[in-house]
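Only one structure is covered here, and it is reproduced in the block below.
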Amino acid sequence: MNGVIKTFLPEKRYGFIKGDDGKDYFFHQNEFKSLPSHNSLCEGLLVEFDQQVTPKGYKARKCHLLDVKLYSLPDEFIASKKSSVSGWEMVDGGQWVVTGTSRVSPDAAMRDAKGKAFQQLGANALLNLNYHKSRGSEAGTGSGTYHFTIHHYRGIAVTLAKKDINGEHQLNDLKGVNQRASSVKQELLRKAQRTTWLGAIGLTVLFVVSAAADPVIGIIVTIIAGIKLREWIAQGDWLQRVGS
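So for the sequence shown, full-length UniProt numbering puts the first residue at 1; every next one is plus one.
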């Protein structure tokens, strides 16, 4: 008998298959003898199985997955602290870490991380997500220094999908996260290099002009400008290869 997995509870390791005869067949994950991992089972997969009638109802035995080449995607962007998501397969990505940053709130940092992963890399999930915060400072309105908290979220950019006989995507259509991330990083490095050279020239000119009026003011202005220059250069640090 062929059928489709209609429900599956990964935590319980069981679910129900809707057979081609219209009946619901209970199954346990142990009835699948050759699965790459527990994440291979999810709703929507096409299954071949043996039928069995029990006092409690119909049961599927000796199950195995049929070769389904179509995939469906999550309805929403997924962010998880774990390295995997139940019911979903990582079909691409995993080589690049995205960092979202905000001075406003952790939620804003999360939105920044999701936006970068989705809009610039084409990923639909961030895994191994973690949060941390740092301190920043800048000149205040008076003579003092204003200190503030910077929120950061870091996660590995991936594409999640699952096999689905009613899916709309081929596997090759879902590839490209790692390649796009590599291209984006190369462009960020080129921009940082240009900014470094132009910034070095600008700092030299700024120091000469300022020092001509007052050497002390020249030094102070140059230091402040140098700090800002480092911040501009570091803007490309939101994308890093895993392990770097």
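By construction, the Cβ of each residue, glycine as well, lies at the ideal position given by its N, Cα and C atoms. Note that the structure is a prediction, hence the values are computed from the model and not measured.
| field | Bridge partner(s) assigned by DSSP for residue 18 | value | By 1-based counting over the sequence shown, the position of residue 18 is 18. For residue 18, which the question treats as bridged, DSSP gives the partners 4 and 24.
| Using the C-alpha atoms, what's the distance from residue 161 back to residue 90? | The residue labelled residue 90 in the question sits at position 90 within the sequence shown. The residue labelled residue 161 in the question sits at position 161 within the sequence shown. Approximately 7 Å between the Cα atoms of the pair.
| Is residue 164 near residue 70, with beta carbons less than 7 Å apart? | Against the sequence shown, residue 164 aligns to sequence position 164. Against the sequence shown, residue 70 aligns to sequence position 70. Yes.
| Beta-carbon contacts of residue 73 that lie in its chain and below 7 Å, excluding the five residues immediately before and after | For this step, residue 73 is matched to residue 73 along the sequence shown. Within the same chain, residue 73 has close Cβ partners 124, 161 and 169.
| task | Within 10 angstroms of the Cβ of residue 130, are there 16 or more other Cβ atoms? Answer buried if so, exposed if not. | result | For this step, residue 130 is matched to residue 130 along the sequence shown. Its Cβ having fewer than 16 others within 10 Å, residue 130 is exposed.
| field | Contact between the region 4-12 and the region 110-126 (3+ Cβ pairs under 8 Å) | value | no
| request: For the region 93-104 and the region 47-66, state whether three or more C-beta atom pairs, one from each stretch, are separated by less than 8 Å. | output: no
| task | Pick helix, strand or coil for residue 85, following the three-state DSSP scheme. | result | The residue given as residue 85 occupies position 85 in the sequence shown. Three-state DSSP puts residue 85 in coil, outside helix and strand.
| field | C-alpha gap between residue 188 and residue 86, whole angstroms | value | By 1-based counting over the sequence shown, the position of residue 188 is 188. By 1-based counting over the sequence shown, the position of residue 86 is 86. Their backbone Cα atoms lie some 34 Å apart in a straight line.
| request: Could you tell me which residues DSSP puts in a beta bridge with residue 240? | output: In the sequence shown, counting from the first residue as 1, residue 240 sits at position 240. Partner(s): 97.
| Considering only C-alpha positions, which residue in the set 116, 46, 128 and 96 is nearest to residue 82? | Counted from its first residue, the sequence shown places residue 82 at position 82. For the residues 116, 46, 128 and 96, the minimum Cα distance to residue 82 belongs to 128.
| field | Contacts around residue 153, its chain only, beta-carbon distance under 6 Å, and the 5 residues preceding and following it disregarded | value | Here residue 153 refers to the residue found at position 153 of the sequence shown. For residue 153, where only same-chain residues beyond five positions count, the Cβ hits under 6 Å are 100, 109, 110, 113 and 131.
| task | Please report how far the alpha carbon of residue 197 lies from the alpha carbon of residue 156, in whole angstroms. | result | Mapped onto the sequence shown, residue 197 falls at position 197. Mapped onto the sequence shown, residue 156 falls at position 156. Confidence at residue 197 is low in this model, with a pLDDT of 49, below 50, so its placement is unreliable and the value that follows should be read with caution. About 31 Å.
| query | Is the Cβ-Cβ distance between residue 292 and residue 158 less than 7 Å? | reply | Residue 292 is absent from the structure shown; the chain starts at 1 and stops at 244.
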